[in-house]
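Peer 1: The following block contains the structure, expressed as structure tokens.
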Amino acid sequence: MASTISQCTKKEANRGAWTAEEDHKLAQVIAVHGAKRWKCVAMKAGLKRCGKSCRLRWMNYLRPNIKRGNISDQEQDLILRLHKLLGNRWSLIAGRLPGRTDNEIKNYWNSHLSKKTKQKEKQSRSSTTVECRPQKTKVMEMESVDNGSERVASKGDEDSKTSFVGDESFDYSSEGPLNLEWMSKFLEMDEAWLDFA
DNA sequence: AACAACCTCAACCGCATCAGA
DNA sequence: GTCTGATGCGGTTGAGGTTGT
1446 MASTISQCTK KEANRGAWTA EEDHKLAQVI AVHGAKRWKC VAMKAGLKRC
1496 GKSCRLRWMN YLRPNIKRGN ISDQEQDLIL RLHKLLGNRW SLIAGRLPGR
1546 TDNEIKNYWN SHLSKKTKQK EKQSRSSTTV ECRPQKTKVM EMESVDNGSE
1596 RVASKGDEDS KTSFVGDESF DYSSEGPLNL EWMSKFLEMD EAWLDFA
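Okay, so the first sequence: first residue is 1446 according to the numbering used here, each after it adds one.
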């Protein structure tokens, strides 16, 4: 994508950390024009940033209803289980955790959970010689179920991430412990299915 | 106090995919 | 069917903060 590269590597483009002023300008333009056409947003805001950079800033930091820090035990458990099922599909995992971004979850995984899981794996390997059943087939199934709604919907607005398997009437983005409880139950069912299969 | 090693997280990069011309 | 621009995703980097010596 030559355009993207040239656009983002222009010498005059701002790089590095965003200032409060830049955040403010970006938020203002998005409030008026919406979170789309990022190139235009960047221009209208008068920011020397590429559209990609603006999008990232909005999605990971400025978007309303973003939770920051303090990932609860419940959320951590959910991340672990979703990662077991989905692998490094951070955006999918983030879609199941209201208020969390894929970047945050990815970072959290890389700095906290990957070590934990590696340690666990080591322990389990040393304690038993039985190989873990690969999860790939299940992940592929998740993808095939997903891709109909996920990919197509992803071209819609930002709420598209909330769509998931089947029941589109359910609001997965709803905040609070209820949603997490529901997801935990879903995962229990899913793991039970894996045991059965 | 000074320095090194380590950790965290915001931001960047490159690629894949999609939609519209 | 092909090309081009826009968008989204996952991997990686690096600055700044924290901890250990």
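Backbone N, C-alpha and C define an ideal beta-carbon position, used for all residues, glycine too.
I need the straight-line Cα distance from residue 1498 to residue 1492, nearest angstrom please.
Peer 2: Position 53 of the first sequence holds residue 1498. Position 47 of the first sequence holds residue 1492. Between residue 1498 and residue 1492, the C-alpha separation is close to 10 Å.
Peer 1: Please list the terminal residues of the continuous alpha helix (DSSP H) segment that includes residue 1499.
Peer 2: For the purposes of this step, residue 1499 is taken as residue 54 along the first sequence, with counting starting at 1. First-last of the alpha helix (DSSP H) with residue 1499: 1496 to 1502.
Peer 1: Report yes if the CB atom of residue 1458 is closer than 7 Å to the CB atom of residue 1471, and no otherwise.
Peer 2: Within the first sequence, numbered from 1, the residue matching residue 1458 stands at position 13. Within the first sequence, numbered from 1, the residue matching residue 1471 stands at position 26. No, Cβ-Cβ distance for residue 1458 and residue 1471 is not below 7 Å.
Peer 1: Less than 7 Å between the beta carbons of residue 1544 and residue 1516, yes or no?
Peer 2: What you label residue 1544 is simply residue 99 of the first sequence in a count that begins at 1. What you label residue 1516 is simply residue 71 of the first sequence in a count that begins at 1. Not a contact, by the Cβ cut-off of 7 Å.
Peer 1: By Cβ distance, which residues of its chain are closer than 6 Å to residue 1530, with the 5 residues on each side in sequence left out?
Peer 2: One-based indexing of the first sequence puts residue 1530 at position 85. Once the five neighbours on either side are set aside, residue 1530 has no close Cβ partner at all.
Peer 1: Would you call residue 1487 buried or exposed, if buried means 16 or more other Cβ atoms sit within 10 Å of its Cβ?
Peer 2: Translated into the one-based positions of the first sequence, residue 1487 becomes position 42. Result: buried.
Peer 1: Are the beta-carbon atoms belonging to residue 1503 and residue 1480 less than 7 Å from one another?
Peer 2: Here residue 1503 refers to the residue found at position 58 of the first sequence. Here residue 1480 refers to the residue found at position 35 of the first sequence. Yes, they are a contact pair.
Peer 1: Which first and last residues belong to the alpha helix (DSSP H) in which residue 1528 is found?
Peer 2: Here residue 1528 refers to the residue found at position 83 of the first sequence. Per DSSP, residue 1528 belongs to the alpha helix (DSSP H) from 1518 to 1531.
Peer 1: What are the boundary residues of the alpha helix (DSSP H) that residue 1539 is part of?
Peer 2: For this step, residue 1539 is matched to residue 94 along the first sequence. Residue 1539 -> alpha helix (DSSP H) spans 1535 to 1540.
Peer 1: Look at the alpha carbon of residue 1540 and the alpha carbon of residue 1500, and state the distance between them as a whole number of angstroms.
Peer 2: What you label residue 1540 is simply residue 95 of the first sequence in a count that begins at 1. What you label residue 1500 is simply residue 55 of the first sequence in a count that begins at 1. In a straight line, the C-alpha of residue 1540 is about 17 Å away from that of residue 1500.
Peer 1: Are residue 1533 and residue 1505 closer than 7 Å when you measure CB to CB?
Peer 2: Residue numbering aside, residue 1533 sits at position 88 when the first sequence is read from its first letter. Residue numbering aside, residue 1505 sits at position 60 when the first sequence is read from its first letter. No. Outside cutoff.
Peer 1: Skipping 5 residues on each side, what residues in its chain have a beta carbon closer than 8 Å to that of residue 1558?
Peer 2: For this step, residue 1558 is matched to residue 113 along the first sequence. Taken in chain order, the residues that qualify are 1521, 1524, 1525, 1528.
Peer 1: What does the Cβ neighbour count give for residue 1460, buried or exposed, with the cut at 16 atoms within 10 Å?
Peer 2: Position 15 of the first sequence, counted from the first residue, corresponds to residue 1460. Exposed, since its Cβ has fewer than 16 Cβ neighbours within 10 Å.
Peer 1: Could you compute how far the alpha carbon of residue 1467 sits from the alpha carbon of residue 1538?
Peer 2: Taking the first sequence and counting its residues from 1, one reaches residue 1467 at position 22. Taking the first sequence and counting its residues from 1, one reaches residue 1538 at position 93. Near 29 Å, if we compare the C-alpha coordinates of residue 1538 and residue 1467.
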